[in-house]
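J.: I have a structure I would like to understand better, so I am pasting it below and will then ask my questions one at a time.
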Amino acid sequence: MSSIIFGPLLSRRFGKSLGIDLSPNKKQCNFDCLYCELKPAKTVDKYDDIIPIETIINAVEDALAEHKDIDVITITANGEPTLYPYLGKLINRINSIKGDIKTLILSNGSTIGDLNVREALAKLDMVKLSLDCATDKCLKKLDRAHDGLNIADIMQGMLDFKAIYDKPLIIEVLLVKSINDDVKNIEALNDFLIKLKPTRVDIGTIDRPPAYKVEALNYDELKGVVSLFDPSLPVYIVSRKTAGKRVQKYTNDEILQTLSNRPLSSDDIEILFDEDTKNRLKDLLNSDKIKIKSYGGIDFYKLP
Ligand code: SF4
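Listed below in structure tokens is the structure:
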């Protein structure tokens, strides 16, 4: 059997993360995304290769005994972790052994319309769900979703989940050139996200070799898309690989003007501001003209 546990991996956001792979032997997913970093595979709506809870818990216990300084346990899969049939029970067991360690799941969001999935995820400390598409057409084309999945159920499920969950809920949107980066899709996603009010919205693009021949957006294109989102949404540009530094000098007024359009993350500031501007930003912070607010573990600079 391939390894159930991976890491610990060091993440700036969460600290030391221990990963659990609920489908270590093969890809089991109800999507077959064009951008998937795993090989293409036929979609499934349930696992047929199921690792017993006891085997997973033993592996987690061994890993926690070996690594005493884990900050977060991240539940993932070669595929979609919420298709694991005993997810609720597994999370109960993890919660009973984890102590102060936080828990996080990375899900494609497709099953959130299912009450059992919502109840299971509600027991975690952080939930990250993907949402690339606002239409069924896009869901079929980009995420190549299993038959029967539809955007209305997914969106309603997200709203129902948000109504019972007051811990960090992060929505991840992955953009693929000429597939889901059009204004119509982004505006529809924006309208939905304004209703959903997630803790943070992560916008990224392809940064690993994809399963199919599709193209990433560059940083300027990502920024262009981000500017279409409502400024009230804490949008974080995830993809750094294509970013490159393009630092510039901003006056105090320009800094304030930029932040009034949209809060900027520390990563954005590294990419956009030169050293002088960063010093001015510090001065503005010290004089309370701007403030730092954390959304789901990421610091944003914004106006008070
Ligand atoms: S949801 Fe994740 S694992 Fe499934 S096909 Fe898409 S990228 Fe791959």
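The numbering used here numbers the first residue of the sequence shown as -5 and each following residue consecutively.
Glycine included, each C-beta is placed from N, C-alpha and C at the ideal position.
Taking the alpha helix (DSSP H) that Glu48 belongs to, which residues open and close that run?
T.: First-last of the alpha helix (DSSP H) with Glu48: Ile47 to Glu60.
J.: Output yes or no for whether 8 Å exceeds the beta carbon distance between Glu166 and Asp196.
T.: Yes.
J.: In angstroms, rounded to a whole number, what distance separates the CA positions of Glu269 and Pro257?
T.: If you take the alpha carbons of Glu269 and Pro257, they lie about 19 Å apart.
J.: Three-state secondary structure (DSSP) at Val229?
T.: Correct three-state label for Val229: strand.
J.: Which of the three DSSP states, helix, strand or coil, is assigned to Ser124?
T.: Of the three classes helix, strand and coil, the one that applies to Ser124 here is strand, per DSSP.
J.: Let me know the secondary structure DSSP gives Phe0 once reduced to three states.
T.: Of the three classes helix, strand and coil, the one that applies to Phe0 here is strand, per DSSP.
J.: When every heavy atom of the ligand SF4 is checked, does at least one fall within less than 7 Å of the C-beta of Glu74?
T.: Yes, the ligand SF4 has a heavy atom inside 7 Å of this Cβ.
J.: From the DSSP output, which residues share a beta bridge with Asp15?
T.: Looking at the DSSP assignment, Asp15 forms a beta bridge with Thr70.
J.: Does the beta-carbon of Asn280 have 16 or more other beta-carbons within 10 angstroms, so that it is buried, or is it exposed?
T.: Exposed: under 16 other Cβ atoms inside 10 Å.
J.: By alpha-carbon positions, which one of Pro46, Ser5 and Leu32 ends up nearest to Asp65?
T.: Of the listed residues, the one whose Cα sits closest to Asp65 is Ser5.
J.: Nearer than 7 Å: is that true of the beta carbon of Asn102 relative to any heavy atom of the ligand SF4?
T.: Yes, the ligand SF4 has a heavy atom inside 7 Å of this Cβ.
J.: So, at 7 Å on beta carbons, what are the nonlocal neighbours of Ala128 in its own chain, with the 5 sequence-adjacent residues on each side left out?
T.: Here the set comprises Ile145, Asn179, Ala182, Leu183 and Phe186.
J.: Near Asp175, which residues of its chain fall below 8 Å by C-beta distance, leaving aside the five closest residues on each side in sequence?
T.: Same-chain partners within the cutoff: Leu169, Leu211, Glu215 and Val219.
J.: Around the Cβ of Leu81, are there at least 16 other Cβ atoms within 10 angstroms (buried) or fewer (exposed)?
T.: Buried is the call here.
J.: Is the beta carbon of Thr68 sitting closer than 8 Å to the one on Leu98?
T.: Cβ distance < 8 Å, so Thr68 and Leu98 count as in contact.
J.: Report yes or no: do the region 52 to 60 and the region 75 to 92 share at least 3 C-beta pairs separated by less than 8 Å?
T.: Touching, yes.
J.: Tell me which residues share the same chain as Ile249 and place their Cβ nearer than 7 Å to its Cβ, disregarding the 5 neighbours each side in the sequence.
T.: Excluding sequence neighbours, Ile249 sits near Thr271, Arg274, Leu275 and Leu278.
J.: Going by DSSP in three states, Val177 sits in which element: helix, strand or coil?
T.: Here Val177 sits in helix by DSSP.
J.: Using CA coordinates, which residue listed in Ile263, Met149, Pro18 and Lys36 is at the minimum distance from Arg292?
T.: The sequence shown places Ile at residue 292, rather than the Arg named in the question. Out of Ile263, Met149, Pro18 and Lys36, Ile263 has the C-alpha closest to the C-alpha of Ile292.
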